[in-house]
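Trainee: The structure under discussion is supplied below as structure tokens; questions concerning it will follow.
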Amino acid sequence: MGVRGMTLGERTDPDISPQSGSRRIRWVGVAAVIVVAALAVGGIVLSRPRPSQPLVAPTTARSVPTTAPAPVAERLTWAPPRLATPITLAIGPDIHELRLEAGQDYLLVLPRNPLLLAGELVINGGRNVVLIGGEIVVPSIADAPDPHDRRGLLLKGQTGTVHIEGLRISGAGLSEGIDIDQRDGAVVQLENIAIATVHGSRATNHADVVQVWAGPAQLLIDGLTGTTEYQGLFLLPDQFLSKPPESYDLRRIVITSAQSGPTGGAGYLLWTTDSTPWLSVSDVVLVDPRADLRGMVRPFSAWEQGVRLQSDSVGVRLPRGTPGVSYSSPGYVTQGEM
């Protein structure tokens, strides 16, 4: 079997990845994917199963435990998309950019142990793409001075549904959690995601837990925790795309400010465009000692109905499951249970 939509050992052309405010615009991804049928070489496996065969994670990769579904209130809202003859790809430490074939479905598998990546993980292309469980660890500032090399994940160029679930992103130098550049009508589902402290300030990198600058058509988030020194959710789907999104549905989210107040340097924890008929928000909690949401969310009218301010995370409702290498999915709410 030959290479399918991957670039071997090449640097890609520089890509525009805008940062909010005055952040610099540059990243270079490295794609180093070795394709082997039913073999594991350097922790990388790429195989196309026969349609009649069950899809089995490679033996070198972490597999997600299956358990009985949790009570309905603790399950996730959106199930992964159905995959058609998918390619299974185990991600190793030398992978920086996955350049996936247009129209092809993929199951991505992270290792059993936290994966240290000296540079961001870019998932570029493909149709329906699923990644469940695992942890990405970014290097320290000393090891990677450029904040773009300390971003956790960039989702770009899918045409179907990309489903990321049970993922933890951490690291002492983490500067950006998940960035989204979707100009081809994709649906992005982020469920049971934990993002450790993203480091930045007004004068340096404008750190975000999740940032959107083009699309997606639909952004569906259920169960997200993140801590930030500067910004939380920075959602500008039409910044580099003229077409407005169809719907953004944000549920059960906790954003904690690590640098609170005017002297602490924190920016807006929730930011989006002025007109948001496509935005639905429920059970979003901001953990911050400040007394008023004003100055923390913009525009206020887009967020006020579904956001509450707390001094801690006591009493917050989240889906069952601990994101990371030992993640076990709680299951999904069915249509009849919604």
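If you're matching positions, the sequence shown starts at 1 in full-length UniProt numbering and goes up one per residue. All C-beta atoms in this analysis are idealised placements derived from N, C-alpha and C, irrespective of residue type, glycine included.
Val-209 and Leu-233 look like a contact to me (Cβ under 8 Å); what is the Cβ gap, rounded to whole Å?
Mentor: About 6 Å separates the two Cβ atoms, so the contact holds.
Trainee: Just curious, the alpha helix (DSSP H) that Trp-303 is in, first and last residue?
Mentor: Where Trp-303 is concerned, the enclosing alpha helix (DSSP H) stretches over 300-303.
Trainee: Here's the rule: buried if 16 or more other CB atoms are within 10 angstroms of the residue's CB, otherwise exposed. What is Lys-243?
Mentor: It counts as exposed.
Trainee: By the 10 Å Cβ neighbour count, where 16 or more other Cβ atoms means buried, how is Ala-302 classified, buried or exposed?
Mentor: Buried, since its Cβ has 16 or more Cβ neighbours within 10 Å.
Trainee: If distances are taken between C-alpha atoms only, which option among Ile-91, Ala-142, Arg-308 comes closest to Val-122?
Mentor: Here the closest residue by C-alpha is Ile-91.
Trainee: Could you give the residue range of the beta strand (DSSP E) that holds Trp-213?
Mentor: Counting along the chain, the beta strand (DSSP E) containing Trp-213 begins and ends at 208-214.
Trainee: Secondary structure at Ser-329, three-state DSSP: helix, strand or coil?
Mentor: In this structure, Ser-329 counts as coil in the three-state DSSP scheme.
Trainee: Short check: CB of Gly-336 to CB of Tyr-327, under 8 Å?
Mentor: Not in contact: Gly-336 and Tyr-327 (Cβ atoms no closer than 8 Å).
Trainee: In the DSSP assignment, what are the bridge partners of Arg-251?
Mentor: Looking at the DSSP assignment, Arg-251 forms a beta bridge with Asp-222, Ser-282.
Trainee: Between the beta-carbon of Arg-127 and the beta-carbon of Pro-139, is there less than 8 Å?
Mentor: Not in contact: Arg-127 and Pro-139 (Cβ atoms no closer than 8 Å).
Trainee: By the 10 Å Cβ neighbour count, where 16 or more other Cβ atoms means buried, how is Arg-202 classified, buried or exposed?
Mentor: Exposed.
Trainee: I'd like to check one pair, His-206 with Glu-229: are the Cβ atoms closer than 8 Å?
Mentor: Not a contact, by the Cβ cut-off of 8 Å.
Trainee: Can we say the region 103-110 touches the region 82-90, given the rule of at least three CB pairs closer than 8 Å?
Mentor: Result yes; three or more Cβ-Cβ pairs closer than 8 Å.
Trainee: Under 8 Å by Cβ, that's how I've got Thr-204 and Val-187 pegged, so tell me the actual separation to the nearest angstrom.
Mentor: That pair is no contact at about 33 Å.
Trainee: Please determine, among Leu-250, Arg-308, Gly-134, Asn-124, the residue with the shortest C-alpha to C-alpha distance to Thr-289.
Mentor: Inspection of the sequence shows that residue 289 is occupied by Pro rather than by Thr. Looking at the Cα atoms, Arg-308 is the closest of the given residues.
Trainee: Between which two residues does the beta strand (DSSP E) holding Phe-240 run?
Mentor: Segment: none, Phe-240 is in no beta strand (DSSP E) and carries neither H nor E.
Trainee: Where does the unbroken beta strand (DSSP E) through Glu-165 begin, and where does it stop?
Mentor: 161-170 is the extent of the beta strand (DSSP E) around Glu-165.
Trainee: Using C-beta distances below 7 Å, list every residue in its chain close to Ala-258, excluding the 5 sequence neighbours before and after it, in chain order.
Mentor: The answer, listed in chain order, is Thr-197, Thr-227, Thr-228, Glu-229.
Trainee: Looking at C-alpha atoms only, which residue of Gly-157, Ile-164, Arg-75, Arg-99 is the closest neighbour of Leu-110?
Mentor: Residue Ile-164 is the option with its Cα nearest to Leu-110.
Trainee: Please name the residue, chosen from Leu-167, Val-129, Gly-267, that lies closest to Arg-99 on a Cα-to-Cα basis.
Mentor: Per the Cα distances, Val-129.
Trainee: How is Val-122 classed by DSSP in three states: helix, strand or coil?
Mentor: Val-122: strand per DSSP, three-state reduction.
Trainee: Quick check on Ser-247: buried or exposed, where buried means 16 or more other Cβ atoms within 10 Å of its Cβ?
Mentor: Flag for Ser-247 reads exposed.
Trainee: Leaving out the 5 sequence neighbours to the left and right, which residues in its chain are closer than 6 Å to Trp-78 when beta-carbon positions are compared?
Mentor: Only Gln-189, Leu-220 meet the Cβ criterion.
Trainee: Tell me the DSSP bridge mates of Arg-308?
Mentor: Note: Arg-308 sits in a beta bridge opposite Val-285.
Trainee: Would you call the CB atoms of Gln-182 and Gln-158 closer than 8 Å?
Mentor: Yes, Cβ-Cβ distance for Gln-182 and Gln-158 is below 8 Å.
Trainee: Could you tell me which of Ala-102, Thr-334, Gln-305 sits nearest to Arg-251, measuring between CA atoms?
Mentor: Among Ala-102, Thr-334, Gln-305, the Cα nearest to that of Arg-251 is on Gln-305.
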